[in-house]
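So the sequence shown is residues 2 to 257, counted in the numbering used here. Reviewing the structure listed below.
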Amino acid sequence: MMKKIQTLGVVAVSMMASTAFAADFSFDRPGSGISTGITPVGQLAWEQGLPSASYQEDTIDGEKTKTVTLNGDMLLRTGLADGLELQLGWQGPVWQQYKRAGKTKETNGLGDVSVGLKKAIDLKDDRLTMALLAEAIIATGNDEFTAHDDIYSLTSAVAYKFSDLIGTSITMRYEAQNSDWAVTAIPTIDYKIAGKLSGYSEFVYRKAESQDYEYGLGTGLIYAINDRAQLDASVGVDLNGDAPSYNGGLGVSVLF
């Protein structure tokens, strides 16, 4: 009888610890930056676009073009050790519609895949957290939906929790493709709205070698179903040049 009581006590403590860890866990969706949360060991986080979308206008030889793209991007994260996770991503099936001079062309295919390792950095602070992500995007997609050459990147994220209502973070991404480099900075503020609903706003700055500076704004809503699942909606706008370009989408994330 005493053994049974002890066993039940160990199980209860284990479940409480697991629940607490799940409560501290954070998804990387939505937004352009990454979170500082790490998937608990032996658990799987599935983050799915439902779908992600982009709209872009341009002018070629005096004729206006319009491009609409939808893709079901997916990210799987699993804990390998305390403070370390493996990430497997896929840009998913892609559908694109291109319009120019009254003509419409539709294409579909598959996007690139990615693999990464994310490590939490202990800053010995209850409010300040940090994580590093080393990632490779492998150009395996169809011709219309691939980067054509592999991209290797190192991303850092630092987050500070002011209170239960407001937090800030900044994501820095350094990437190399062949001999070309690019750097992206993404400061973000997140805030509670009411109950299980929260939101975020971000500014995106990017500079690629031999390219003009790129700027963008993004915002979104997150509904926490519970500690292990959330729904999200987001929208963003690029602030480059005169041609409008928008992105956004819906998503669902679950921790198993």
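Just so you know, even glycine gets a beta-carbon here, dropped at the ideal spot from N, CA and C. Here the structure is a predicted model, which means the values were calculated and not measured.
Would DSSP call F204 helix, strand or coil?
Within the sequence shown, the letter at position 203 stands for residue 204. Strand, per DSSP.
The ligand NAP heavy atoms versus the CB of R229: any closer than 6 Å?
As presented, the structure is devoid of all ligands, the ligand NAP included, so that no description of it is given.
So, for E210: in the same chain, excluding its five sequence neighbours on each side, which residues have a beta-carbon less than 8 Å away from its beta-carbon?
Against the sequence shown, residue 210 aligns to sequence position 209. Cβ within range, chain order: D181, W182, A183.
Is the CB-CB distance between S235 and G221 below 7 Å?
Numbered from 1 along the sequence shown, position 234 holds the residue referred to as residue 235. Numbered from 1 along the sequence shown, position 220 holds the residue referred to as residue 221. Taking 7 Å as the Cβ cut-off, S235 and G221 qualify as a contacting pair.
Compare the Cα-Cα distances from L129 to each of T105, T169, D113, G50 and report the closest residue.
The residue you call residue 129 lines up with position 128 of the sequence shown. That would be T169, whose Cα lies nearest to the Cα of L129.
Starting from G221, follow its DSSP beta bridges and name the residues at the other end.
Here residue 221 corresponds to residue number 220 of the sequence shown, with the count starting at 1. Paired residue(s): Y201, S235.
With L89 and L77 assumed to form a contact (beta carbons below 8 Å), what rounded beta-carbon distance in angstroms separates them?
Working through the sequence shown from its first residue, we reach residue 89 at position 88. Working through the sequence shown from its first residue, we reach residue 77 at position 76. Confirmed, about 5 Å.
How about G84: is its C-beta nearer than 7 Å to some C-beta of chain C?
Structure shown: chain C not included; a single protein chain is present.
Pull the bridge partners of D59 from the DSSP assignment, please.
Here residue 59 refers to the residue found at position 58 of the sequence shown. D59 pairs with T66.
Buried or exposed: where does Y175 fall if 16 or more other Cβ atoms within 10 Å of its Cβ makes it buried?
Residue mapping note: residue 175 aligns to position 174 of the sequence shown, counting from 1. Per the 10 Å Cβ criterion, exposed.
What three-state label does DSSP hand D191 in the structure shown?
In the sequence shown, counting from the first residue as 1, residue 191 sits at position 190. It is a strand residue.
Kindly indicate which three-state DSSP category E145 falls into: helix, strand or coil?
Within the sequence shown, numbered from 1, the residue matching residue 145 stands at position 144. It is helical.
Beta carbon of Y206, beta carbon of D191: below 7 Å?
Translated into positions along the sequence shown, residue 206 becomes position 205. Translated into positions along the sequence shown, residue 191 becomes position 190. No, these two residues do not count as a Cβ contact at 7 Å.
Please report the distance separating the alpha-carbon of A137 from that of G117.
Numbered from its first residue, the sequence shown carries residue 137 at position 136. Numbered from its first residue, the sequence shown carries residue 117 at position 116. Going from the Cα of A137 to the Cα of G117 covers about 6 Å.
Nearest to I39 by CA position, among G73, G142, K120, is which residue?
Mapped onto the sequence shown, residue 39 falls at position 38. With distances taken between Cα atoms, I39 lies closest to K120.
Can you tell me which of the three DSSP states D25 falls into?
Looking up residue 25 in the sequence shown gives position 24. D25 falls in the helix class under three-state DSSP.
Should E64 be labelled buried (16 or more other beta-carbon atoms within 10 Å of its own) or exposed?
Sequence index remark: in the sequence shown, residue 64 carries index 63 (1-based). Per the 10 Å Cβ criterion, exposed.
Looking at the strands, I want to know which residues DSSP matches up with E48.
Start at 1 with the first residue of the sequence shown, and residue 48 comes out as number 47. DSSP output for E48 lists L76, S254 as bridge partner(s).
What does a CB cutoff of less than 7 Å around F22 pick up in its chain, not counting 5 residues either side in sequence?
Position 21 of the sequence shown holds residue 22. Confidence at F22 is low in this model, with a pLDDT of 41, below 50, so its placement is unreliable and no value can be given for it.
Hey, quick one: how far does the beta strand (DSSP E) through I138 stretch, first residue to last?
Residue numbering aside, residue 138 sits at position 137 when the sequence shown is read from its first letter. Residues 129-139.
Three-state secondary structure (DSSP) at L111?
Within the sequence shown, numbered from 1, the residue matching residue 111 stands at position 110. It is a strand residue.
If distances are taken between C-alpha atoms only, which option among L256, M75, S55 comes closest to G250?
As a first step, residue 250 is located in the sequence shown; it is residue number 249 there, counting from the start. Answer by Cα proximity: S55.
Indicate the three-state DSSP secondary structure (helix, strand or coil) for I171 in the structure shown.
As a position in the sequence shown, residue 171 is number 170, starting the count at 1. Strand.
Apply the 10 Å Cβ neighbour rule to A46 and answer buried if 16 or more other Cβ atoms are within range, or exposed otherwise.
Against the sequence shown, residue 46 aligns to sequence position 45. Flag for A46 reads buried.
For the beta strand (DSSP E) that V95 lies in, which residues bound it at each end?
Along the sequence shown, read from residue 1 onward, the residue named residue 95 stands at position 94. Taken as a continuous stretch (DSSP letters only), the beta strand (DSSP E) holding V95 covers 94-101.
Per the DSSP calculation, T156 is bridged to which residue(s)?
Position 155 of the sequence shown, counted from the first residue, corresponds to residue 156. According to DSSP, T156 bridges with L134, R174.
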